[in-house]
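A.B. asks: Right, I'll just put the structure down here and ask away after.
2 protein chains.
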Amino acid sequence: MTQLKNDRLIRALLRQPVEVTPVWMMRQAGRYLPEYRETRRKAGSFMQLCTTPELACEVTLQPLARFPLDAAILFSDILTIPDAMGLGLYFAEGEGPRFERPICNADQIKTLGVPDPEQELRYVMDAVRLIRQELAGRVPLIGFSGSPWTLATYMVEGGSSKDFRTIKAMLYERPELLEQLLATVAESVGLYLNAQIRAGAQAVMIFDTWGGALTPSDYCRFSLEPMQSIIESLQREAEGQRVPVILFTKNGGQWLEAMTDTGADALGLDWTTDLGDARRRVGDQVALQGNLDPSVLYASPEHIREQVAKVLASFGKGNGHVFNLGHGIHPEIAPEHAGAMIQAVHELSRPYHQ
Amino acid sequence: MTQLKNDRLIRALLRQPVEVTPVWMMRQAGRYLPEYRETRRKAGSFMQLCTTPELACEVTLQPLARFPLDAAILFSDILTIPDAMGLGLYFAEGEGPRFERPICNADQIKTLGVPDPEQELRYVMDAVRLIRQELAGRVPLIGFSGSPWTLATYMVEGGSSKDFRTIKAMLYERPELLEQLLATVAESVGLYLNAQIRAGAQAVMIFDTWGGALTPSDYCRFSLEPMQSIIESLQREAEGQRVPVILFTKNGGQWLEAMTDTGADALGLDWTTDLGDARRRVGDQVALQGNLDPSVLYASPEHIREQVAKVLASFGKGNGHVFNLGHGIHPEIAPEHAGAMIQAVHELSRPYHQ
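Chains G and Z are the protein sequences, given in the same order. Each residue of the first sequence is one higher than the one before, counting from 1 in my numbering. Each residue of the second sequence is one higher than the one before, counting from 1001 in my numbering.
Spelled out as C-alpha cells, the structure:
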C-alpha cells in the first residue's frame, strides 16, 4: 500500500478536515491541452488512445505536470462497457460516438453479455495499474463509469441524441424490457468499478450525464435505482482505506435528497444549484463536489478568481467540499485559465478551513 | 369586444373553475404538420412566412383546424425584436438563426434603439389583428416574446450557442454593460407585448429558453429581474378581461418560488419537475402550465394516454392547470400522436374538475 502524499481529495470526500479545498476538473486530461492533442495525434485515433494503457497513462498525467491538481482521473471513454459487450464503438470525424450494432430488439437485450473487466476491458485495468505506478502516491486516482441510464441511451439510440426518442419510446412502451437492459448494464458497471478499485482506483465516480432528461419518477426508476444497485455492490475499502463513491447527475439539482439516499459518499453538482442550498438539503450525509460554470473559464484570470471566490463562499466553512467545474472543461479554454482557477481555489479556500 | 366561445385557457390561467383541463402545445403551428410544411414551401423562406401576416395567420390556425385545442398561439419567431433593432436576422439552411450584425462592443449597446412595435414590428401586430379576426372568438390567442436574457444570448453570440461563451464572458467581466443591454431589450419586450395585447392577444407568454443555463444568483440578476420589469410594465387588462401572463424558464424548476414573486399569473414547467411538488411550492399564487415530456409523443397513442393520465394525476384536483408539453413539439412527431394527447387530456381530466 502506498501512503498518499496528498490525500485532500479523499479526506474531503469523506467530510474530514483539510487545510485547503481540493480541486480537480472533469475532462482535465483533454483537448484544451496542446500536449493532449499531440498525444492524440500520435495515437492516430481516439480509440487507440483509450485502448493503449501507456498512452492513456500519459494523457492522464499531463494535467498534473502542469497544475497542482489534487487528483488524477483515469483517461478513458464512458462507452467502453457497451463496446466490450460487442456493440462496436467508433468515432466518426466531427461527430460524437456511434455504435455499429446498436440495441434494436428484445432478443439483443436478452442475450447481452456482462463483460469480464479483466478480459474484455483489461486495457482499462492495465491503464489504472500503470497510472497508479507512475503517480507513486502523489495524489489519488479516480476511476469512473457512465451510469446505466446514460450508457443505455447511447446503446439504444446508436449514438448521441437530442430527444432520446428511441429509448424513451422503449421506456413508455416496454418499461420492463428497459429495466432488463439497465440491470445488465448495472451489473457490468458494478464489476467494472470493482475491478478498477482492485487495480488501484482510490475513489470512483458515476457519471449520469443524461439522467436529467427524465421526469422525476422516471429518473428514480430508470437512472437512480440502477445506480443505487451499483453502489450497493461496490467494494468500499481497498489498501486499508475507504474508497469514496461520487454520484453526478447533470441537471439533477432537484433530486439531491434522493441521490443522497443511495449511499454515495459525495454528490457532484452542476452550476444551476447553489452549493449552500444543496448543503442545507443534504445535511452531513454526503460531501459535495462542484460547481463552477465551465464557461467562467472564458473570462479573464482576475474574473475567474472572483467566481471561484463566490463558489467557495457559497459552500462556506467546514468539511466536505471538493472544488470542480459543474461539467467538463471546454476544449477551447486556454490552459492558463484552468491554472488560474486551480491556484485561486488553493489560495482562497484556506480561511474556510481554519 | 368578442365574447370567447371557449375561455377555458383564460380561466385556468386565472385559477378559476373549468369543466376540463385546457390544452395547447408549444410550437403547435410547426413542422410536424404537413400543411405547415406546404405553406412554408409556398412562402419561400421562414422569414417570409413570419413577416407576411396572411401566412402567419394561416399557419397559426392550421393546428386548430385539426385538433380541439383550447388556444391559438401567434406564429412568429422569438428573434423579431433584435431583427427590428437592426441586427439582420437570417436563417442559414440546416443551421439555426444567425445575425448579420451581432452585438460586439459597448458602443453598439449604448446606441441600440428600442423598436416601435407598430412601426418596425407592424407585421407582427397585423398578424395578431388578422388572427383575432379569423378566430372569431373560438379560442383565445396567446401572444409571446423571448425573454431579455434569451434574446441577448443570440444577439451577443450571433446565433445559437452551446456554452454561451461570449455573453458569459461579458456577464463576468462587464456585468453592468450586460445589464444595460438587458434593460434595452426588456423595454423593447414590454412595448412589444403591450402592442400585442392592444392588437388582440388575450394572454401573453415570456419564453426564457436559456435562463436555465445560469447559476441561481445570475439567473435572478440577469434573467428574472428583467422579466419582472417587463411584467410590471404590462397592461394586464384588455376588452374588459384580465390578460394573464405566463412565465416559462426551461430548466428553471429549482427557481419556481422566485418566478412566482414576479407577479406572473402562471408558470410554465418542463417535465423535470413534478407538477404536484411544484403546486405545493407555489401554493395558490400562480397557475401551472405543462408538463408532458415531448418525447412521449414518439410512443404509441395508448402509451401517450397513460402518460397524459400521469401528468393530470400529478397536478390533481382543483383549479389552475393548463396542459402543455414541457417544451416545443418535435418536428418528427406524427400529427395523430398530438391528437391522441389532446383527446386524452379532455377525456381524462373531467373527474379532476368535479
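Virtual Cβ for every residue (Gly too), placed ideally from N, Cα, C. Here the structure is a predicted model, which means the values were calculated and not measured.
Which whole-angstrom value describes the C-beta separation of Leu287/G and Leu74/G, a residue pair presumed to lie in contact below a C-beta threshold of 8 Å?
C.D. replies: A small fix is needed here, since residue 287/G is Ala in this sequence, not Leu. That belief does not hold up - the Cβ atoms of Ala287/G and Leu74/G are roughly 20 Å apart, past 8 Å.
A.B. asks: Identify each residue in the stretch 1241 to 1260 of chain Z for which the Cβ-Cβ distance to at least one residue of chain G is less than 7 Å, and report them in chain order.
C.D. replies: Asn1251, Gly1253, Gln1254
A.B. asks: Using 8 Å as the cut-off, can you tell me whether the stretch 1218 to 1235 of chain Z makes contact with the stretch 1201 to 1209 of chain Z, which would need three or more C-beta pairs spanning the two stretches below that distance?
C.D. replies: With a cut-off of 8 Å, the stretch 1201 to 1209 of chain Z and the stretch 1218 to 1235 of chain Z count as touching, because enough Cβ pairs lie within range.
A.B. asks: So Phe1222/Z and Leu1151/Z are supposed to be a Cβ contact under 8 Å. How far apart are they, rounded?
C.D. replies: No, Phe1222/Z and Leu1151/Z are not in contact; Cβ-Cβ is about 12 Å, not under 8 Å.
A.B. asks: So is Gln307/G in contact with chain Z if we call contact Cβ pairs under 8 Å?
C.D. replies: Chain Z contact via Cβ: present.
A.B. asks: Hey, how far is the Cα of Val59/G from the Cα of Asp70/G?
C.D. replies: Going by the C-alpha atoms only, they are around 16 Å apart.
A.B. asks: State buried or exposed for Cys1057/Z, treating a residue as buried only when at least 16 other CB atoms are found within 10 Å of its CB.
C.D. replies: buried
A.B. asks: For Asp284/G, count neighbouring C-beta atoms within 10 Å of its own C-beta (all shown protein chains included) and say buried if the count is 16 or more, exposed if not.
C.D. replies: exposed
A.B. asks: Between the stretch 264 to 276 of chain G and the stretch 245 to 253 of chain G, can you find at least three pairs of beta-carbon atoms closer than 8 Å?
C.D. replies: yes
A.B. asks: So Trp271/G contacts chain Z; which residues on that side make the cut at Cβ distance below 7 Å?
C.D. replies: Contact of Trp271/G with chain Z by beta-carbon distance below 7 Å involves Thr1215.
A.B. asks: Looking at C-alpha atoms only, which residue of Lys5/G, Gln28/G, Asp163/G, Arg8/G is the closest neighbour of Pro335/G?
C.D. replies: Gln28/G
A.B. asks: I'd like to know whether the C-beta of His1303/Z is nearer than 8 Å to at least one C-beta of chain G.
C.D. replies: yes
A.B. asks: For Pro226/G and Tyr154/G, which I take to be in contact (beta-carbon distance under 8 Å), what is that distance rounded to the nearest angstrom?
C.D. replies: That belief does not hold up - the Cβ atoms of Pro226/G and Tyr154/G are roughly 15 Å apart, past 8 Å.
A.B. asks: For a test of the three-state rule: what should DSSP assign to Arg8/G, helix, strand or coil?
C.D. replies: The answer is helix: DSSP assigns Arg8/G an H, G or I state.
A.B. asks: For Glu197/G versus Val243/G, is the C-beta distance shorter than 8 Å?
C.D. replies: Glu is not the amino acid found at residue 197/G; the sequence shown has Ile there. Yes, Cβ-Cβ distance for Ile197/G and Val243/G is below 8 Å.
A.B. asks: Which same chain residues, not among the five before or five after Ala1213/Z, have their C-beta less than 7 Å away from its C-beta?
C.D. replies: Phe1164
A.B. asks: Just tell me which of Glu1239/Z, Ala1199/Z, Tyr1192/Z has its CA closest to the CA of Asp1126/Z.
C.D. replies: Ala1199/Z
A.B. asks: What first and last residue would you give for the beta strand (DSSP E) that runs through Tyr90/G?
C.D. replies: 89 to 91
A.B. asks: Taking the beta carbon of Cys104/G as the centre, do at least 16 other beta carbons fall within 10 Å, making it buried, or is it exposed?
C.D. replies: exposed
A.B. asks: With H, G and I counted as helix, E and B as strand and the rest as coil, what does DSSP make of Gln254/G?
C.D. replies: helix
A.B. asks: Grouping DSSP H, G and I as helix and E and B as strand, with all else coil, what is Glu19/G?
C.D. replies: coil
A.B. asks: With DSSP as the reference, identify every bridge partner of Asn1291/Z, one or two as the case may be.
C.D. replies: Asn1324/Z
A.B. asks: Can you tell me which of the three DSSP states Met1026/Z falls into?
C.D. replies: coil
A.B. asks: Thinking C-beta only, is Gly1158/Z closer than 8 Å to Phe1099/Z?
C.D. replies: yes
A.B. asks: Could you give the residue range of the alpha helix (DSSP H) that holds Met170/G?
C.D. replies: According to the DSSP assignment, Met170/G belongs to the alpha helix (DSSP H) that extends over 165 to 173.
A.B. asks: I believe Leu1121/Z touches Ala1169/Z by the beta-carbon criterion, under 8 Å. Please report the beta-carbon distance rounded to the nearest angstrom.
C.D. replies: Contact flag wrong, Cβ pair sits at about 30 Å.
A.B. asks: Identify the contact partners of Arg1165/Z in chain G, using a Cβ-Cβ distance below 7 Å as the criterion.
C.D. replies: Ser295, Tyr298
A.B. asks: Can you give me the Cβ contacts of Val20/G inside the same chain, cut-off strictly under 6 Å, excluding the 5 residues immediately before and after it?
C.D. replies: His346, Ser349, Arg350
A.B. asks: For Val185/G, name the three-state secondary structure that DSSP assigns.
C.D. replies: The three-state secondary structure of Val185/G, taken from DSSP, is helix.
A.B. asks: What does the alpha-carbon distance come out to for the pair Pro102/G and Thr166/G?
C.D. replies: 11 Å
A.B. asks: Taking only runs of the alpha helix (DSSP H) that begin and end inside the stretch 194 to 262 of chain G, which ones reach a length of at least 4 residues, in chain order?
C.D. replies: 225 to 233, 256 to 260
A.B. asks: Name, please, each residue of chain Z whose Cβ falls closer than 7 Å to the Cβ of Ala169/G.
C.D. replies: Under the 7 Å cutoff, chain Z gives Tyr1298, Ala1299.
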